[in-house]
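Chains as they are written, first to last, in this note's numbering: chain Y, 3 to 115; chain R, 5 to 115. By construction, the Cβ of each residue, glycine as well, lies at the ideal position given by its N, Cα and C atoms. A quick note: this is a predicted structure, and the numbers were derived from the prediction, not measured. Inspection log for the structure reproduced underneath, given as structure tokens.
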């Protein structure tokens with residue numbers, strides 16, 4: 003069964019450093035998402051991406067965050083200057099059609115020290 | 005925006021017991037998904053169920069869209085079923101297609 007792949011599974015970084023979280027969505031999907039889950043809390047929407055542009059973003063997704071689909075397969079989330087409060091699990095998701103089932107990757111656990 | 009509430013927040017079951025988890029949402033939805041988050045943090049998709057009833061093994065789910073709730077039935081629970089169960093919905097209004105998650109039900113199944 004096709005799946006969403008995320009790398010790395012765990013990323014440790016120093017405060018102020020840039021990190022790039024990588025995702026390979028399911029190959030024929032058209033809509034891509036990033037979600038975040040701070041430890042012990044619920045999963046929160048960060049950003050959605052369609053047709054090579056951001057379609058929606060949350061208040062969390064400030065200027066420190068950016069997304070990119072550099073080629074036909076990868077979808078990345080960049081955090082320019084990490085803060086302690088960016089420590090969380092980050093999930094990538096994709097779907098073929100809007101308002102249809104979203105498939106989630108296994109997540110990247112980001113630890114900012 | 006749409007609000008999603010789950011109950012109960014915590015639940016302890018003895019292995020083999022049955023239970024029902026509830027998800028209430030405040031507006032009409034086009035998408036409703038149930039997830040199980042395992043101890044490693046992975047979100048496992050259980051059901052895509054914007055309406056109707058589905059069954060998968062010892063799990064089944066029912067969504068009554070007109071009354072804005074969904075139920076997840078767990079029968080003959082097993083210790084491997086421990087973890088957090090999340091309900092997530094996508095509103096049917098406008099261009100938004102993000103999932104809004106509930107706060108989850110933390111389930112502990114004891115041997």
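Assuming residue i contacts residue j (C-beta within less than 8 angstroms), just tell me the rounded distance between them.
{"i": "residue 107 of chain R", "j": "residue 13 of chain R", "result": "7 angstroms"}
{"i": "residue 85 of chain Y", "j": "residue 114 of chain Y", "result": "6 angstroms"}
{"i": "residue 81 of chain R", "j": "residue 11 of chain R", "result": "So it is not a contact: roughly 17 angstroms between Cβ atoms."}
{"i": "residue 108 of chain Y", "j": "residue 101 of chain R", "result": "With a Cβ gap of about 22 angstroms, residue 108 of chain Y and residue 101 of chain R do not count as contacting."}
{"i": "residue 37 of chain R", "j": "residue 104 of chain Y", "result": "7 angstroms"}
{"i": "residue 6 of chain Y", "j": "residue 96 of chain Y", "result": "6 angstroms"}
{"i": "residue 29 of chain R", "j": "residue 93 of chain R", "result": "5 angstroms"}
{"i": "residue 103 of chain R", "j": "residue 89 of chain R", "result": "Not really, about 15 angstroms apart at Cβ, beyond 8 angstroms."}
{"i": "residue 69 of chain Y", "j": "residue 56 of chain Y", "result": "7 angstroms"}
Can you tell me whether residue i is helix, strand or coil according to DSSP?
{"i": "residue 107 of chain R", "result": "coil"}
{"i": "residue 21 of chain R", "result": "coil"}
{"i": "residue 56 of chain R", "result": "strand"}
{"i": "residue 86 of chain Y", "result": "helix"}
{"i": "residue 46 of chain Y", "result": "strand"}
{"i": "residue 20 of chain Y", "result": "coil"}
{"i": "residue 85 of chain R", "result": "helix"}
{"i": "residue 94 of chain R", "result": "strand"}
{"i": "residue 9 of chain R", "result": "strand"}
Is residue i near the ligand PLP, going by C-beta to nearest heavy atom under 7 angstroms?
{"i": "residue 37 of chain R", "result": "Ligands displayed in this structure: none; no statement on the ligand PLP is therefore possible."}
Which word fits residue i, buried or exposed, when buried means at least 16 other C-beta atoms lie within 10 angstroms of its C-beta?
{"i": "residue 80 of chain Y", "result": "exposed"}
{"i": "residue 68 of chain R", "result": "exposed"}
{"i": "residue 12 of chain Y", "result": "exposed"}
{"i": "residue 55 of chain R", "result": "exposed"}
{"i": "residue 74 of chain R", "result": "buried"}
{"i": "residue 88 of chain Y", "result": "buried"}
{"i": "residue 14 of chain Y", "result": "exposed"}
{"i": "residue 39 of chain Y", "result": "buried"}
Mind checking who residue i pairs with in its DSSP beta bridge?
{"i": "residue 76 of chain R", "result": "R:25 and R:65"}
{"i": "residue 48 of chain R", "result": "R:40"}
{"i": "residue 63 of chain Y", "result": "The partner list for residue 63 of chain Y (beta bridge, DSSP) is empty, contrary to what the question assumes."}
{"i": "residue 104 of chain Y", "result": "Per DSSP, none; premise fails for residue 104 of chain Y."}
Would you mind working out which of the options sits nearest residue i, comparing C-alpha positions?
{"i": "residue 25 of chain R", "options": "R:58, R:94 and R:109", "result": "R:109"}
{"i": "residue 41 of chain Y", "options": "Y:91, Y:73 and Y:30", "result": "Y:91"}
{"i": "residue 73 of chain Y", "options": "Y:11, Y:13 and Y:24", "result": "Y:24"}
{"i": "residue 58 of chain Y", "options": "Y:71, Y:39 and Y:35", "result": "Y:35"}
{"i": "residue 34 of chain R", "options": "R:18, R:6 and R:45", "result": "R:6"}
{"i": "residue 43 of chain Y", "options": "R:111, R:105 and R:115", "result": "R:105"}
{"i": "residue 26 of chain Y", "options": "Y:19, Y:8 and Y:15", "result": "Y:8"}
{"i": "residue 61 of chain Y", "options": "Y:53, Y:54, Y:37 and Y:22", "result": "Y:37"}
Is there a Cβ from chain C that is less than 8 angstroms from the Cβ of residue i?
{"i": "residue 18 of chain Y", "result": "Absence of chain C from the displayed structure is noted, the protein chains being Y and R."}
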